[in-house]
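Residue numbers (numbering that gives the first Met the number 0), protein chains in the order written: chain A, 0 to 223; chain B, 0 to 223; chain C, 0 to 223; chain D, 0 to 223.
Yeah, the Cβ is synthetic: ideal placement off N, Cα and C, and Gly gets one too.
Computed from a prediction, not measured in an experiment: that's the story for all the values here.
Quick notes on the structure that follows.
Number of protein chains: 4
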Amino acid sequence: MFSLSPAETSDVVRATREIAGNQPVLAGGGYGVRKACDLTLAIEAAVGDGILLLPDFLTAALQEGIANRVRAACRATKMAVIFCNHGMSQITARTLAQLCEECPNLIGLKDGTGNINTVRRVTAMMGDRLSYIGGMPTHELFAQAYRGAGMSTYSSAVLNFVPETALAFHQAFVAGDDAACEKLLTDVYYPFAEIRDRQPGYAVSAIQTCVRLRGFDAGHGRRR
Amino acid sequence: MFSLSPAETSDVVRATREIAGNQPVLAGGGYGVRKACDLTLAIEAAVGDGILLLPDFLTAALQEGIANRVRAACRATKMAVIFCNHGMSQITARTLAQLCEECPNLIGLKDGTGNINTVRRVTAMMGDRLSYIGGMPTHELFAQAYRGAGMSTYSSAVLNFVPETALAFHQAFVAGDDAACEKLLTDVYYPFAEIRDRQPGYAVSAIQTCVRLRGFDAGHGRRR
Amino acid sequence: MFSLSPAETSDVVRATREIAGNQPVLAGGGYGVRKACDLTLAIEAAVGDGILLLPDFLTAALQEGIANRVRAACRATKMAVIFCNHGMSQITARTLAQLCEECPNLIGLKDGTGNINTVRRVTAMMGDRLSYIGGMPTHELFAQAYRGAGMSTYSSAVLNFVPETALAFHQAFVAGDDAACEKLLTDVYYPFAEIRDRQPGYAVSAIQTCVRLRGFDAGHGRRR
Amino acid sequence: MFSLSPAETSDVVRATREIAGNQPVLAGGGYGVRKACDLTLAIEAAVGDGILLLPDFLTAALQEGIANRVRAACRATKMAVIFCNHGMSQITARTLAQLCEECPNLIGLKDGTGNINTVRRVTAMMGDRLSYIGGMPTHELFAQAYRGAGMSTYSSAVLNFVPETALAFHQAFVAGDDAACEKLLTDVYYPFAEIRDRQPGYAVSAIQTCVRLRGFDAGHGRRR
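Right, here's the structure in full:
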C-alpha cells in the first residue's frame, strides 16, 4: 500500500476481485482525511469489500482528530472499515467504543503497536462487537501474548515465503499446543528475527527479499 | 528502595527477618556496580536471602556492560539474585542465557519493560531455569498477556491497599477464569488506571496515596 | 500538503504561478518513491520551480533507502529539490554530502528535527553548496540556536496570522539584536507556545485557528 | 559520580580541597531526595563548595516533584547547588524561575538534554540570575548552537585526554572564530563522534579509554 499509487490500488482490487470468488477483498488506505476518503471511494468503485485504514501522515493527533478521520472514512462508504492502530496515531479503547456506536461499518481493529495494555482493554470493552487482527511485525513472536490479551487472530508476514511454516505455527497455536509453538519459535522465528532486526526497515524488506528467494516477483517495493 | 538509604535498607531487612520466619526475605538494590555490590553485601549481612537487582543509573548500556554488572553482583554474594529488566538497561534473552550458565545464584527475572517479544523469547529459551515475575505498573492489566508469553507470576501494587481485590483477581487468574478477570479489570482496574495515568510518576505515588487512605503510613516516599 | 490531493496540489501551483511573477514557486510532496516522483512530475507540469520533499510514510528507513528516494525524485525532474529532514526519515551529513555530488538539482535542506548536532555538521560539511531552512514548529523559538549551528534562514508559521510580529522578529534577528529578539520571545512567542503545547497536533491546528481569527479561510484543514 | 560510593565522593572532595587552593570544589550527587540530601551534607562536611545535582533514579517526575527535590537539597545546605537537566527529570523554565525565587543558593543550570527550546527560554527568563553550563556529550559539537540560545559556557569531556585540542577549540569559540571552530570540528570532533556513536554507552566509556591511552588511570569506571 505504501508503494502503490491510488490507480494501482484500484487495479489490484479489480484483479483480486476477479479471482476471489466469494472471498472478501480488502485494500489498504491511509494518509490525510481527503486522501483516505478518496481511496475508500476508489476501492469501492473497484468492487472491493473493505478498507484497512492506516494512519495519517507524519504528525501526532488527538483522540478527537483520530476519531474525526475514522468517522469521515466510515461515512464515505458502505464498505467495511478496519482501523489499524500504529505509530503516532494510536486510538484509545474509549475513542474506539464511541466510534463503534456511531459507525456500524467499523468492523475491526488491527493492532501494530505492541501496547498490550490497550489491546487488553479494547477486547474487554468491545468483546465481539469488533474483529481483531494482531499485526505486529512477525506477529507469531507475539501471538500467544496477544491471545492472552483477547486477540487471537493475526496476519502472518512469513506466510508469504514459508507458508508451510506459517500454517504449522497457526495449527499449533489454534490447538493450544504451546510446546509446538515454542519449537517453531526457537527453530525458525527467532533466527529469522535476528536477521530482520539487523537494520531498521528490514521488517518489510527482509520479507520482500525472502519472497524473491522463493521465485516470486515482489514488485519495485519500498526501494530501501 | 528508591527512597531508602543503604542503612535503611539494612534496617528493613533485619526487621523483616525477625517476623518472616522461614519465608525468604529479599530487598531491592541498584545503581552502579560498586553501589550494587555494596548493597548486596549489606543485605546479606542483615541476613537477607536475596536481592532484586534494579538498573544502573542514568545511561544506556551495552549487553556486555549489563552482563558485567549482573556477574559482579552474583559473584559478590551467596544470596539469590533476581534481575529486574527496566528502563534503559534491558537485557536480551541471549545475554540472560549466558549469565544463567555462569551464575548459579541468578535465579529470576522480573520484567517491567512491557517488551512482550523479549518476555516470550526468554521463557522459551530459559524455561524453568529461572523464576519469572511480571512487574509492569499495575501488572494485572498485563497479567493475561504475560501468561500467554510464559510468565504467569507477578507482583501486585494494588495489593498494598485493596488486598481483597488483588487476591480476587489472582484467584480468577490462577483458575483461568478470564470472564472474572475482565469484570475486575472493568470495574476496578481500568478506573484506577485512568487516575494513575493522569500524570507521569503517579504509577508510584498513586499507590502511596491509596495506602495512606487505608490508614497506613507510606513513609516520606518519593516526595513527588 | 498533508490535506491536498495530488490534483489540488497542481491547482495550487498553477494558481500561484499566475500571480507569482518571477518569484519561484515550490510545492510540498512526500510519501513513497512512486507517489513522490508522480507528484514531482505534476508540480513540474503545473510550471512549478521546485519541490519540498517531505518524508516517506510510516516506517523507519536506512540511510541507503533515504538516499535512493531522494535520488529518484531528483532524477525525475529538472526542478529544484529541497529535502525536508523530519520524523523517522532523518538524513545524516554523510548521506547528504553523497547526494549533493550526484544530484546538482538538490539545492536545499529544511530541518524540522531539532537535532542541532546534525544541523551543525551539515553546515560545516556542505557550506554554501546547499540553502538551509530552519523548519522547527514556531521556529523563532529556535532561530538563534540554529544560527549558531550555521542555519540562519527559517520559515515562520506565525507569519500567517501576525505578520507584523514575525517581520519584527526577523528584522531584529538579521540585525543581531538579541535583546529585541528576547523581548518578542517573552512577550509573544512563549505565551503562544504555551497554548500550542497544550495538545499534540496543535503545532499545526493552532496556526490554522489563528489564521481564521484574522479573517482568512484556512481551508478544510487537517480535520483534527 | 556514577561509580563512586558516598564515602569515595567525600574522599575525592577532601583530596581535591587540599590541592585546589582558592578554587571552588564541586561534586556530583543525585538519586532520590534522601540520598541526594545525605550526599550534599557529606560534600559539605568534606569542605566542598557545591553540588551538581543529577537526576533522580529511574522514573518520570512531575514539575512539582522535581521542584520538591531541588528545594530539599538547597535547604539542606549552605553550599551552592547547580541543577543538571537530564533524562527523564527535565525542569521547565517556569519551575526553574520559581525555584530561583525560593532558593538563593541555587546558582546554576547544567543542560544535557539538547532541548534547545528550553535552553533558550531559560536564558531569556533567568538572564544572569543563574550560571549556565552546556553539558551535552562532547559539547563542542553543540557549543555554537547553545551560545545562540544564550548558554556560552560548557564542560568539555575531551579536555580529559586531548587538552590542547579542547583549549584550542575553546579559544576559537571565545574569539567568535567560527571558521577555526569548524576546522577543529571537521578534523577532530566529527571523527571522534563517529567512534563514540558506534555503541550506546560509549559517550562515557570512549572518554575513559582515551584517558587510559594517554597514560592515566581512569579508575574501575563504569565497567561497561
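Under 8 Å between C-beta atoms of Met-78 of chain A and Asp-55 of chain A
In the first sequence, the residue the question calls residue 78 of chain A occupies position 79. In the first sequence, the residue the question calls residue 55 of chain A occupies position 56. It is not a contact, given that the beta carbons lie outside the stated cut-off.
So which residues on chain D does Lys-34 of chain B lean against when the C-beta distance must stay under 8 Å?
For this step, residue 34 of chain B is matched to residue 35 along the second sequence. The answer, in chain order, is Ser-4.
Can you find a CB in chain C that lies within less than 8 Å of the CB of Glu-56 of chain A?
In the first sequence, counting from the first residue as 1, residue 56 of chain A sits at position 57. Position check: residue 56 of chain A holds Phe in this sequence, whereas Glu was assumed. Chain C contact via Cβ: present.
Between which two residues does the alpha helix (DSSP H) holding Asp-10 of chain D run?
Against the fourth sequence, residue 10 of chain D aligns to sequence position 11. Segment 5 to 19, the alpha helix (DSSP H) holding Asp-10 of chain D.
Could you confirm whether any beta carbon from chain B is found closer than 8 Å to the beta carbon of Asp-196 of chain D?
On the fourth sequence, residue 196 of chain D is found 197 positions in, with the first residue counted as 1. With 8 Å as the cut-off, Asp-196 of chain D does not count as an interface residue toward chain B.
Can we say the stretch 175 to 185 of chain D touches the stretch 194 to 213 of chain D, given the rule of at least three CB pairs closer than 8 Å?
By the Cβ criterion, the stretch 175 to 185 of chain D is not in contact with the stretch 194 to 213 of chain D, since fewer than three pairs of Cβ atoms, one from each stretch, lie closer than 8 Å.
Give the range of the alpha helix (DSSP H) segment to which Asp-110 of chain A is assigned.
For the purposes of this step, residue 110 of chain A is taken as residue 111 along the first sequence, with counting starting at 1. Not the alpha helix (DSSP H): Asp-110 of chain A falls in the beta strand (DSSP E), residues 105 to 110.
Please return the same chain residues whose Cβ sits closer than 6 Å to the Cβ of Met-87 of chain C, not counting the five positions on each side in sequence.
Translated into the one-based positions of the third sequence, residue 87 of chain C becomes position 88. Correct list, in chain order: Ala-59.
Please list the residues of the stretch 180 to 193 of chain C that have a C-beta atom closer than 7 Å to any C-beta atom in chain A, keeping them in chain order.
Correct list: empty, as no residue qualifies.
Rounded C-alpha distance that separates Gln-170 of chain C from Asp-176 of chain C:
Position 171 of the third sequence, counted from the first residue, corresponds to residue 170 of chain C. Position 177 of the third sequence, counted from the first residue, corresponds to residue 176 of chain C. Note on geometry: alpha-carbon atoms of Gln-170 of chain C and Asp-176 of chain C lie some 9 Å from one another.
Figure out for me which residue from C:Asn-104, C:Leu-212, C:Ala-45, C:Val-46 has the closest Cα to the Cα of Val-69 of chain C.
Within the third sequence, the letter at position 70 stands for residue 69 of chain C. Nearest Cα to Val-69 of chain C within the set C:Asn-104, C:Leu-212, C:Ala-45, C:Val-46: C:Asn-104.
Of all Cβ atoms in chain C, is any one closer than 8 Å to the Cβ of Phe-1 of chain A?
As a first step, residue 1 of chain A is located in the first sequence; it is residue number 2 there, counting from the start. At a cut-off of 8 Å, the C-beta of Phe-1 of chain A has a neighbouring C-beta in chain C.
Is there a Cβ from chain C that is less than 8 Å from the Cβ of Leu-52 of chain A?
Walking along the first sequence from the start, residue 52 of chain A turns up at place 53. No, no contact with chain C.
Which residues in chain D have a C-beta closer than 7 Å to the C-beta of Ile-225 of chain C? List them in chain order.
An answer regarding residue 225 of chain C cannot be provided, because it is not within the stretch 0 to 223 covered by chain C.
What residue from A:Leu-51, A:Arg-213, A:Gly-113 has the CA that sits closest to Ala-142 of chain A's CA?
Walking along the first sequence from the start, residue 142 of chain A turns up at place 143. Among A:Leu-51, A:Arg-213, A:Gly-113, the Cα nearest to that of Ala-142 of chain A is on A:Gly-113.
For Ala-148 of chain B, would you say it is in contact with chain A, using Cβ-to-Cβ distances shorter than 8 Å as the test?
As a working note, residue 148 of chain B is residue 149 in the second sequence. A Cβ of chain A is located within less than 8 Å of the beta carbon of Ala-148 of chain B.
Helix, strand or coil at Ile-132 of chain B [DSSP, three-state]:
The residue you call residue 132 of chain B lines up with position 133 of the second sequence. In this structure, Ile-132 of chain B counts as strand in the three-state DSSP scheme.
Please identify, using Cβ separations under 8 Å, the residues of the stretch 61 to 73 of chain B that lie next to chain D, in order along the chain.
For the stretch 61 to 73 of chain B, residues whose beta-carbon sits nearer than 8 Å to a beta-carbon of chain D comprise Leu-61, Glu-63, Gly-64, Ile-65, Asn-67, Arg-68, Ala-71.
Helix, strand or coil: which one does DSSP assign to Leu-61 of chain C?
Residue numbering aside, residue 61 of chain C sits at position 62 when the third sequence is read from its first letter. Annotated three-state conformation of Leu-61 of chain C is coil, per DSSP.
Residues of the stretch 155 to 174 of chain C whose Cβ lies closer than 8 Å to any Cβ of chain E, in chain order
Checking the listed chains, one finds no chain E in this structure; the protein chains it contains are A, B, C and D.
Looking at the structure shown, is Val-80 of chain C part of a helix, part of a strand, or coil, going by DSSP?
Here the question's residue 80 of chain C lines up with position 81 in the third sequence. Three-state result, Val-80 of chain C: strand.
Could you check whether the stretch 119 to 132 of chain B touches the stretch 126 to 133 of chain A, counting it as contact only if at least three pairs of C-beta atoms, one from each stretch, sit closer than 8 Å?
No, the stretch 119 to 132 of chain B is not in contact with the stretch 126 to 133 of chain A.
Please go through the same chain and pick out, in chain order, the residues whose beta-carbon is closer than 6 Å to the beta-carbon of Arg-211 of chain C, but skip the five residues on each side of it.
As a position in the third sequence, residue 211 of chain C is number 212, starting the count at 1. In its chain, beyond the 5 residues on either side, Ala-217 have a beta carbon closer than 6 Å to the beta carbon of Arg-211 of chain C.
Of the choices C:Gln-89, C:Thr-15, C:Asn-116, whose alpha-carbon is the least far from that of His-138 of chain D?
Here residue 138 of chain D corresponds to residue number 139 of the fourth sequence, with the count starting at 1. Here the closest residue by C-alpha is C:Asn-116.
Give the DSSP-derived three-state secondary structure of Ala-26 of chain A in the structure shown.
Along the first sequence, read from residue 1 onward, the residue named residue 26 of chain A stands at position 27. It is a strand residue.
According to DSSP, is Leu-53 of chain D helix, strand or coil?
Here residue 53 of chain D is taken as the residue at index 54 of the fourth sequence, counted from 1. Coil, per DSSP.
Rounded to the nearest angstrom, how far is the Cβ of Pro-148 of chain A from that of Val-118 of chain A, given a contact under 8 Å?
Residue mapping note: residue 148 of chain A aligns to position 149 of the first sequence, counting from 1. Residue mapping note: residue 118 of chain A aligns to position 119 of the first sequence, counting from 1. According to the sequence displayed, residue 148 of chain A carries Ala and not Pro. The C-beta distance from Ala-148 of chain A to Val-118 of chain A rounds to 4 Å, short enough to meet the 8 Å contact threshold.
If I measure Cβ to Cβ from Ala-75 of chain D and keep anything under 7 Å in the same chain, skipping five residues before and after, which residues do I get?
The residue you call residue 75 of chain D lines up with position 76 of the fourth sequence. Here the set comprises Cys-36, Thr-39, Leu-40.
With a threshold of 8 Å between beta-carbons, can Ala-96 of chain B be considered close to chain A, or not?
By 1-based counting over the second sequence, the position of residue 96 of chain B is 97. It does not; no Cβ of chain A falls within 8 Å.
Can you tell me whether Ser-204 of chain C is helix, strand or coil according to DSSP?
Within the third sequence, residue 204 of chain C is the residue found at index 205, counting from 1. In this structure, Ser-204 of chain C counts as helix in the three-state DSSP scheme.
Taking the C-alpha atoms as reference points, what is the distance between Ser-9 of chain A and Lys-34 of chain A?
Here residue 9 of chain A is taken as the residue at index 10 of the first sequence, counted from 1. Here residue 34 of chain A is taken as the residue at index 35 of the first sequence, counted from 1. Going by the C-alpha atoms only, they are around 14 Å apart.
Any chance you could list the alpha helix (DSSP H) runs of at least 4 consecutive residues sitting entirely within the stretch 132 to 218 of chain A, in chain order?
Secondary structure in the stretch 132 to 218 of chain A: the alpha helix (DSSP H) runs of 4 residues or longer, each lying completely within the stretch, are 142 to 147, 162 to 173, 177 to 183, 189 to 195, 201 to 212 in chain order.
Would you kindly work out how many angstroms separate the C-alpha atoms of Asp-196 of chain A and Ile-65 of chain B, rounded to a whole number?
Translated into positions along the first sequence, residue 196 of chain A becomes position 197. Translated into positions along the second sequence, residue 65 of chain B becomes position 66. In this structure, the CA atom of Asp-196 of chain A is about 20 Å from the CA atom of Ile-65 of chain B.
Identity of the residue in D:Gln-207, D:Cys-209, D:Pro-190 nearest Arg-93 of chain C by Cα:
In the third sequence, the residue the question calls residue 93 of chain C occupies position 94. Out of D:Gln-207, D:Cys-209, D:Pro-190, D:Pro-190 has the C-alpha closest to the C-alpha of Arg-93 of chain C.
Using the beta-carbon of each residue, which ones in chain C are nearer than 8 Å to Arg-128 of chain D?
Mapped onto the fourth sequence, residue 128 of chain D falls at position 129. The contacting residues do not exist; Arg-128 of chain D stays about 14 Å from chain C at best.
In whole angstroms, what separates the C-alpha of Phe-215 of chain D from that of Phe-172 of chain D?
Counting from 1 along the fourth sequence, the entry for residue 215 of chain D is found at position 216. Counting from 1 along the fourth sequence, the entry for residue 172 of chain D is found at position 173. Rounded to the nearest whole angstrom, the C-alpha separation of Phe-215 of chain D and Phe-172 of chain D is 28 Å.
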